[in-house]
Each structure stands twice: as structure tokens, then as C-alpha cells.
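The numbering used here puts the last residue of the sequence shown at 277; the count rises by one with no breaks.
Heads up, the beta-carbon is just placed ideally off N, CA and C, and yes, glycines get one too.
Computed from a prediction, not measured in an experiment: that's the story for all the values here.
Here is the structure we will look at.
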Amino acid sequence: MKKLLTIMLILFVGFAAFAQDSVVVYYADDSIPSQDYNMFYAGLEFGAGSINNLTIDNGIGNQLSISPMTGFEMSPVLGIRPFDNTNFAFELNVMMDLLDYKSYDAGINDSDIRYVTQIISPQILAIYTFGGGMVRPFAGLGMGANFNNFAIEADETTSDGTVETETNNYDVNTSFSMVLKSGAKISIPNSNFDIYALCRYNLNIPTEIKFDDNTVKSKMNASTLSAALGVVYNF
């Protein structure tokens, strides 16, 4: 995951350096510019993510259901408007979520159990922005690849009062998802910045998770719903 984050950061910085300030559109029959438009944009989104019901099923009647898992989400954004208008764009989002759920097990040894999943999901979307005013709703559809990590952390209180923490990390195969994204942008007057609010649904195709030294294979379903605020700069 660290290598993937490093690659995406290099791409993000390189893209911003490459992007031109603006592109001027000309009529076909003369040299009078019709309007300026910004071909590229880049920014960040910050918000909250959640998995309403994470399920792990081994197919023989044993199923773990964790609901809900919530946490922090961040996503760098790179965009390109390939045509001579500002309504249609292609976007690269790198959704990064850290979600958890805590439960209490009153067994022989009282224990606090924390289920943790980390998700890194590069996503390619087609975005359409409606209207041309200061406030512009938008909607998008795309595909993503999901690199997941799943862990179970248990804080157990022994009979002598000592708290012991045990962490188990499990291998999760890469999965793919359909991504839905919608919201509304507000242009900041006399600047190249837009701010916006958004909702995103990452409809994850169930993937495989391995337990007990990779000998037990189960299906993991973890679709993510998130709400965030974003800011982009138009180049």
C-alpha cells in the first residue's frame, strides 16, 4: 500500500506541474476567442466513509457480519476536460478509507474487539456538470480497483487485571467496484478554485479473504458509502 501511495503522489505532483494555465477556444471561421476554459483541475476531498454491513462468509454456514464500520476518508482528485466546454470531464480519484467498528465480548476474559479495514481505491470516472452558473450540480459514474486490508484487534483483560492486545491481519484479494459520485460545486469569485460537497457510493464486488494461515478462504463484501467536502484548483 505504501508503494501505491508513493506512485499516486508522484503522479499527482507531476500532473499539476504539467497542466497549463488555461486553454483559449477559437471559432472555426475566425481568430476571435469565444471564451476561456480550464482543461485541467486537481484537488483534495475530505470526509467520512462507512460500510453499512461488512460480511465475511465461508460458504458453509459461518458468517461474520459487522455493522456499521465508520471512519475517515481522503481522496486526491485529478481531472481533465477534453472538449471545448466545462461540462464534461474525466477524473482520477484515489479513495483512501480507514474504517473501524468496536464491540465488547463478555466471555471468560472480558475483551474489547476492534475490527479495522483500510481501503485504497484508484477510480476512473466520467463526470458531467450541469449548468454554467456559480452553483453547479454534477454526477459521475466509473470503475475502481480496491486494495483492502482487514484486521481484528482484541484487548483482553486477564484475571489479574492486565490488559493484553492481540492483532491479527488477514490477506484480502484485490477487488473491483462500480463508483457513483454526485454533488454540487460552487465557484469562488475571482479565483480558479471550486469548492463542493459530494456523496460517493463504491459498490464493491465481493472478494476473497484468507484466514488461519491462508488455509480458510471466505468471501468478503464491503461496499462503501461516503460524504465529503472537496476543493479543486482549475489550471
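(message) According to DSSP, simplified to helix, strand and coil, what is Ile-247?
(response) In the structure shown, Ile-247 sits in coil (DSSP, three-state: anything other than H, G, I, E or B).
(message) Let me confirm a value: Ile-150 is counted as buried when at least 16 other C-beta atoms fall within 10 Å, else exposed. Which label applies?
(response) Below a pLDDT of 50, predicted positions are generally treated as unreliable, and Ile-150, at 46, falls in that range; no measurement from the model is reported.
(message) Using only the alpha-carbon positions, how far apart do Phe-218 and Met-185 sit?
(response) Taking the straight line joining both Cα atoms gives about 7 Å.
(request) Would you please state the rounded distance, in angstroms, between the beta carbons of Ile-161 and Asn-129? I believe it to be under 8 Å. (result) Your pair Ile-161 and Asn-129 does not check out as a contact, with CB atoms roughly 30 Å apart and the cut at 8 Å.
(request) For Asp-71, count neighbouring Cβ atoms within 10 angstroms of its own Cβ and tell me buried if that reaches 16, exposed if not. (result) In this prediction, Asp-71 scores a pLDDT of 44, lower than 50, which makes its location untrustworthy; no coordinate-derived value is stated.
(request) Give every residue of the same chain whose Cβ lies closer than 6 Å to the Cβ of Arg-242, excluding the five residues on either side of it in the sequence, and list them in chain order. (result) Listed in chain order, the non-local C-beta contacts of Arg-242 below 6 Å within the same chain comprise Lys-223, Ser-268, local neighbours out to five positions each way being set aside.
(message) Which of the three DSSP states is assigned to Ser-265 in this structure?
(response) Three-state DSSP puts Ser-265 in coil, outside helix and strand.
(message) Alpha carbons only, please: which of Arg-178, Val-273, Glu-115, Thr-207 is nearest the one belonging to Leu-141?
(response) Comparing Cα positions, the closest option is Glu-115.
(request) Name the two residues that bound the continuous beta strand (DSSP E) containing Gly-85. (result) Per DSSP, the continuous beta strand (DSSP E) segment holding Gly-85 begins and ends at 82-93.
(request) Leaving aside the five residues before and after Leu-183 along the sequence, list all residues of the same chain whose C-beta is less than 8 Å from its C-beta, in chain order. (result) Around Leu-183: Leu-167, Ala-168, Met-220, Val-221, Leu-222, Lys-223.
(request) Return the first residue and the last residue of the beta strand (DSSP E) that Phe-125 is part of. (result) Neither: Phe-125 is in no beta strand (DSSP E) and is coded neither H nor E.
(message) Rounding to the nearest angstrom, what Cα-Cα distance links Lys-261 and Leu-245 in this structure?
(response) Distance between Lys-261 and Leu-245, taken at the CA atoms: about 15 Å.
(request) Within 10 angstroms of the Cβ of Ile-74, are there 16 or more other Cβ atoms? Answer buried if so, exposed if not. (result) Residue placement at Ile-74 cannot be trusted, given a pLDDT of 38 that sits under 50; the coordinates are not used to answer.
(request) Could you give the DSSP three-state label for Pro-179: helix, strand or coil? (result) It is a strand residue.
(request) Name, in chain order, the residues that DSSP records as bridge partners for Thr-171. (result) Looking at the DSSP assignment, Thr-171 forms a beta bridge with Phe-180.
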